[in-house]
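Quick note: the sequence shown uses the working numbering, first residue 5, plus one each step. Glycine included, each C-beta is placed from N, C-alpha and C at the ideal position. Since the model is a prediction, treat every value here as computed from it, not as a measurement.
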Amino acid sequence: MATAYARGVVFIHSAPRALCPHLEWAVGRAIGRAVNFDWTEQPVLNGARRAEFYWDGPVGTGAALATSIRGWEHLRFEVTEDPTPRSDGGRWLHTPDLGIHYAQTDAAGNIVIGEDRIRYAMEIAAGSAVELQRELDIALGSAWDEELEPFRHASDDARVVWLHKVG
């Protein structure tokens with residue numbers, strides 16, 4: 005059986021300047037080749053840098069990438085892995101205060117919450133709508149999204165890469 009390939013993006017939302025070469029090395033090691041990021045200033049956090057890196061590799065590379073760069077202080081990142089016909093997609097979010105959050109994604113990039121997680125949320129909520137909302141916010145990674153959102157907007161000014169050949 006042939007190995008299924010996936011693709012995705014590593015978003016380094018904020019990293020101290022001194023950490024940048026170490027992140028490139030860690031990502032390169034995870035995908036098996038040297039990489040160079042196009043670093044830019046992160047306007048939301050003075051002295052921080054940001055970068056986006058598009059990758060492709062065997063299914064599961066997103067998890068390997070997130071594992072390779074998690075754990076450094078002052079690092080905010082997001083790793084995505086697009087779904088394939090044989091595998092679910094994934095999204096890994098990391099902030100210094102919250103740590104890492106993983107969520108399964110569908111073909112449109114929506115977070116998918118499994119049946120067991122929903123049943124757990126309902127059990128913990130015990131009929132309380134407020135508690136159910138809190139549990140579902142945890143499952144969706146809402147706290148991570150809230151913290152990363154200002155850093156994501158910094159990419160609105162990034163240069164656009166036009167794709168001329170898709171597929």
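Helix, strand or coil for residue i per DSSP?
i	result
Arg11	strand
Gln108	strand
Val164	Unreliable positioning characterises Val164 in this predicted model, as indicated by a pLDDT of 40, which lies under 50. A coordinate reading is not provided.
Ser72	helix
Glu77	coil
Ile122	helix
Ser91	strand
Gly32	helix
Arg138	helix
In angstroms with no decimal places, state the Cα-to-Cα distance between residue i and residue j.
i	j	result
Gly145	Glu82	12 Å
Phe155	Thr99	11 Å
Leu140	Asp120	12 Å
Leu23	Ala130	45 Å
Arg74	Val116	23 Å
Leu27	Gly12	17 Å
Pro20	Ser132	42 Å
Trp43	Val134	42 Å
Ala55	Asn114	23 Å
Val48	Ala38	29 Å
Hey, out of the options, whose CA is closest to residue i's CA?
i	options	result
Tyr106	Val116, Arg95, Thr99	Arg95
Ser91	Trp76, Thr71, Pro62, Arg74	Pro62
Ala70	Val14, Ile142, Tyr9, Ala147	Val14
Phe57	Met126, Asn40, Arg138, Ile115	Asn40
Ala143	Ile104, Glu153, Ser132, His157	Ile104
Ser18	Arg37, Asn50, Val31	Asn50
Ile35	Trp43, Arg53, Tyr9, Asp42	Tyr9
Leu136	Arg33, Ala147, Ala52, Ile122	Ile122
Thr7	Val31, Gly64, Glu150, Trp76	Gly64
Asp60	Arg54, Ala68, Arg53	Ala68
Trp148	Ala125, Leu102, Gly118	Leu102
Taking DSSP's pairing of strands, which residues face residue i in a bridge?
i	result
Pro62	Tyr9
Pro20	Ala52
Val173	This structure does not reach residue 173, given that the chain is present from 5 up to 171, and the question cannot be answered.
Phe57	Val14
Val116	Gln108
Glu45	Arg53
Gly103	Thr99
Does the region 106-122 come close enough to the region 77-91 that 3 or more CB-CB pairs lie under 8 Å? yes
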